[in-house]
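Written out below as structure tokens is the structure these notes cover.
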Amino acid sequence: MINTSFLEKIAGVVIQNYSDKLSETTIVLPNKRAKVFLIEALKKETSKTILSPEIISIEDFVQDVASIRSIDSIELLFEFYEVYLSVTDKQHQQSFELFANWAKTLLQDFNEIDRYLLDPYHVLSYLKDIEDIKKWGIEVENKTKLLENYIDFWKLLPMYYDSLYNHLLNKSIGYQGLIYREAVNNLNHFSNTISNRNFIFAGFNALNAAEEKIVQHLLALDQAKIYWDVDQTFLNDPYHDAGLFVRRFKESWKHYKSHPFEWIVDDFLQTKNIEVIGTPKTIGQAKIAGSIIEDLINKNPSASLDKVAVVLGEENLLIPVLYSLPASVGALNITMGYSGKNNPSQILVAKFFKMHTNALSRAGNYVFYYKDVLDVLTHPLVEPYANVNHLVRIIKENNYTFITLNKILDLNPNPSKLFSLLFQKWEKGSVAVLENISAVLLLIKQSFSNDNEEEKIAKTFVYAVFKVINKLINYYSQHKHIDNIDTLHAIYKQIIDVAEVSFEGEPLRGLQIMGVLESRVLDFDTVIVTSMNEGKFPAGKSQNSFIPYDVKKELGLPTFKEKDAIYTYHFYHLLQRAKNIYLIYNTENDGLDAGERSRFITQLEVEKKSKHNLTFDIYNPVLPTTAYQPMVIPKSDAVMERLKEIASTGFSPSALTSYIRNPIEFYFQKILRIREVEEVEENIALNTLGTIIHETLKALYDPFVEKFISESDILNCFKLLDDEVLKQFKLVYKEGEIKKGRNLLAFEVAKRNVSNFLKIELESIKNGDAIKIIALEKTFERELVHPELPFPVLIKGNVDRIELRNGKIRIVDYKTGKVEKTNVILKSWNGLTQELKNDKIIQVLAYAFMYEQLAGETPIEVGIISFKNLKSGFLSFGFKEDKDLEITVSKAILNSYVEEIVLLLKEIFDLSIPFEEKI
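Note that the numbering used here gives residue 1151 to position 687 of the sequence shown, counting from 1, and the numbers run on in steps of one.
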């Protein structure tokens, strides 16, 4: 009999003892999942054609006994709120959000009280007494309003329970506990009406008080049989949690005083290979599960995988495991759903909610935040069907940070139907909002093709969310007084977790992937269990109850110890008939998804059985010796052509420095001409601020070109300053917000920088400097011809300012960043173009080289004015080989400079030197 699966044994009993009355037989199992496997076992057991007995889960069976329909947790919450409002004084009534915080916990407690058939008034008044004792020492006159409300809350619990119970009973609906309590009340009537039926209860472990009562009642009337699946190793060990419940039932049930206890098996002690594998992180576990399955297939390619189960201790491992499975896995059955949280249509609806709820929360106009708008418009389910690419471009190019609904509608004058639905005002209450979302989903669904396999899957995802929205429309239509968009959002977030998308598969063929609870009653030869860590397997303590631990213990309610015992039974049942077992755990002890190794592994190690071959391994991923390989791009003919093109149109000083900084950057920007993606600039970037300051100075000084500047000219500039900066901001930053936040600070910084610059200029004029403006923001160019270069190269650049100051030509480059004097002093020409720190020198000398011929015999000096270092004034380029500092750009200096630039250009034009990334 050993290693026959439990369901095969049940099938044998059914065919042997009940074959003449199958139509009057009902088999009750712990879950619906096992039904398919039991029918298959019955099929194998008989050679004749027979009618299958009725096979149902315990929950469905109890609903039949009670004749009450079960409702989900959200509907229950709505019903409870109705009751709460009807029994609470108006001045004490809470909003739905506040109510939901405590009501969920309270409903769980009501559920437990009912499932264990306790007297609710006794339990709930017990809780009130405990709270009274806690506040025992407080004098009556010291009791605050808050404290009195707190005590009143505990006093009201029995009334809440009673009102809710009767309210639900009148509607013939209920939560699980209520259905169980009513089933027990209805037992005699039920057993009289079905006196000719036979019940078989199979594969149970932990029964609550109501289930015990129902089963024992039917056993006493000889209308039922119960078959346990318990191993003698666990049953006979008084301390083993896997047998905790069954030991209690065997000792305390009257039925077993005169009837044998069936079935006790001896499978756990048989030969087993148990491999315990530790690996870092979640993804490592998925990879190992995939490689174990690959090894199984390689060892025996023709074998079926239907006796192999992957049991996921954590549901979020499902997708990594699916990606890690080898391609040779043919049939596959997944009993878990794909989480509603990661459903693409759900993500769209969540973003849709965020966009509108944020808009509603801003006082006054209906104002959207650009990121929320772009998140919705660029979502893969919206972008292809809403034709809004031009609108997205306008928002990015014009720096719209906050944008009113009216403005959006103006910017998109010919909206598609989908666009109009997306930007409909949410002002007519929750049902209107839900109907709006429902219409959006329907419109998206209509855009899908039925022939495309991927779009069929997308349609399934849309349908799953559509069902949830319709369910909410149904709830909200019945419960009109809960009409708040924030509440709706909160409820939507809760309910979406339940909206799983089921996978389709062959339940009886191929590899089985399941959660822990789905594995009940089933037996496999090879079992791979993941997430064998504390907090995951077993799930650990979670105290989500108003009933303290000691009260639960006294009243016989389940505590975390019982919950752990249930997990223990599931775990050992998985191992019971398996021959090869792989237990995978996360070796990381800290961080998310981590915890120490599961106690079950330690228990297997400490209580090792003689026929168990237990091995321990730690797997670490192979780390590559180099984390990143720098990019190397050889120069092709096309690249050389493009370089020639640049040489003829002009190399700017910044192009040369970008090559020194990183040749790959030069390749992308200059050769491939790839520009940065246009993004909305929420806070003014430094380069934008630089542009604004440059443009303001140009506008202020433009009237003085070819003139000497006087004190009165500068004083006039001070008057124009504020308006000019504002004007430049508007031109450069377009629709961006500059009246508040960091942008207002940037605006003030721009004004301060220009103002300080004008002060210095005024000071130097007062001190007798004669300044004549020659050019502002003007482009100059000069051809560089050299025997070492394959062709002439045009050097071309935009000079910020050229002036004649006290008989010398001064070429000025404005920098909004900080530049020190040392950045523009050169000590040796050797290696000028090798070091990035020389970029400022390369730049300013390029301006001198371009202007040299126009200057004639007039001496030239070049340098930088740094707005973050204005106190240092004009930072002049200087060459300091020995002790003397030479600041006039002489012929000799320019010749040395040209020689270095030629070396750099030779490298750029050398076919044998590839573009190599600098890291």
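Note that beta-carbon positions come from the ideal geometry of N, C-alpha and C, so glycine has one too.
Owing to the predicted nature of the structure, the values given are computational and were not obtained by experimental measurement.
What is the C-beta distance between residue i and residue j, in whole angstroms, given that I count them as a contact (C-beta under 8 Å)?
i       : j       : result
Glu576  : Gly641  : 7 Å
Leu1150 : Ile949  : Not a contact, Cβ separation roughly 40 Å.
Leu1358 : Thr1297 : No, Leu1358 and Thr1297 are not in contact; Cβ-Cβ is about 15 Å, not under 8 Å.
Val840  : Phe816  : 6 Å
Val1288 : Leu1339 : 5 Å
Ile1324 : Glu1316 : 7 Å
Ile955  : Glu899  : Not quite, the Cβ-Cβ distance comes to about 16 Å (not below 8 Å), so this is no contact.
Would residue i be called buried (16 or more neighbouring beta carbons within 10 Å of its own) or exposed?
i       : result
Tyr1413 : There is simply no residue 1413 to check, as the chain begins at 465 and stops at 1383 in what is shown.
Glu1321 : exposed
Ser1376 : exposed
Asp705  : buried
Ala957  : The residue you asked about is not Ala; residue 957 is Lys in the sequence shown. Its Cβ having fewer than 16 others within 10 Å, Lys957 is exposed.
Ala1356 : exposed
Asn916  : exposed
Leu515  : exposed
Gly1342 : buried
Ile1138 : exposed
Tyr624  : buried
Thr743  : buried
Asn481  : exposed
Thr1392 : Limits of the chain in this structure are 465 at one end and 1383 at the other, which puts residue 1392 out of reach.
Leu906  : exposed
Pro1002 : buried
Tyr927  : exposed
Glu1299 : exposed
Gln551  : Residue identity differs from the one stated: residue 551 is Val in this sequence, not Gln. Val551 comes out exposed.
Ser1006 : exposed
Tell me the DSSP bridge mates of residue i?
i       : result
Gln958  : Note: Gln958 sits in no beta bridge, so no partner.
Asp1277 : Ile1328
Phe816  : Phe816 pairs with nothing; no bridge assigned.
Ile1097 : Phe1379
Phe832  : Ile867
Glu1227 : Beta-bridge pairing links Glu1227 to no other residue.
Gln976  : Ala773 and Asn797
Ile637  : Arg533
Asn1262 : Thr1243
Ala688  : Phe663
Ser966  : Gly801
Arg438  : The requested residue 438 does not occur in the structure, where the chain is confined to residues 465 to 1383.
Phe1343 : Leu1290 and Glu1350
Gly893  : In DSSP, Gly893 forms no bridge with anything.
Ser521  : Leu493
Val1169 : Ile1237
Let me check understanding here. Comparing Cα to Cα, which of the options lies closest to residue i?
i       : options                               : result
Ser755  : Ser534, Pro784 and Tyr1197            : Pro784
Ile1259 : Leu591, Val1366 and Gln734            : Val1366
Leu886  : Asn934, Thr1152 and Leu812            : Leu812
Gly801  : Leu562, Ser966 and Lys889             : Ser966
Asp701  : Asp553, Glu1299 and Arg712            : Arg712
Ser1219 : Arg497, Ile1048 and Lys1332           : Lys1332
Tyr580  : Glu676, Arg1274, Asn1180 and Lys909   : Glu676
Glu1252 : Asp1374, Pro808 and Asp1303           : Asp1374
Asn829  : Thr1160, Thr743, Ile872 and Glu1284   : Ile872
Gly777  : Gln1040, Lys1242, Tyr1046 and Asp573  : Tyr1046
Gly979  : Val775, Pro1088, Leu1190 and Leu1078  : Val775
Arg1125 : Asn1302, Phe560 and Phe663            : Asn1302
Ala850  : Lys1073, Lys860, Asn862 and Val837    : Val837
Ser521  : Asn630, Arg497, Lys714 and Glu504     : Arg497
Leu1248 : Val772, Gln555, Phe1115 and Thr552    : Phe1115
Leu845  : Leu786, Phe912 and Glu861             : Phe912
Ile959  : Ala814, Leu975, Pro879 and Val856     : Ala814
Ile1329 : Tyr1361, Phe1313, Leu1290 and Phe1221 : Phe1221
Tyr1165 : Gly1154, Thr1152 and Glu1188          : Glu1188
Beta strand (DSSP E) runs contained entirely in the segment 1006–1092, provided each spans 3 or more residues
1044–1050 and 1076–1082
Ignoring anything shorter than 4 residues or poking outside the segment 755–825, list the alpha helix (DSSP H) runs there in chain order.
You should have 782–788 and 808–825.
Starting from the N-terminal side, write out each stretch of the alpha helix (DSSP H) that is 4 residues or longer and does not extend beyond the segment 560–594.
Fully enclosed alpha helix (DSSP H) runs of 4 or longer: 560–579.
Identify every run of the alpha helix (DSSP H) within the segment 472–519, keeping only runs that are complete inside it and at least 4 residues long; order them along the chain.
498–509
Run through the segment 668–749 for me and flag every whole beta strand (DSSP E) of 3 or more residues, listed as ranges in chain order.
688–691 and 736–743
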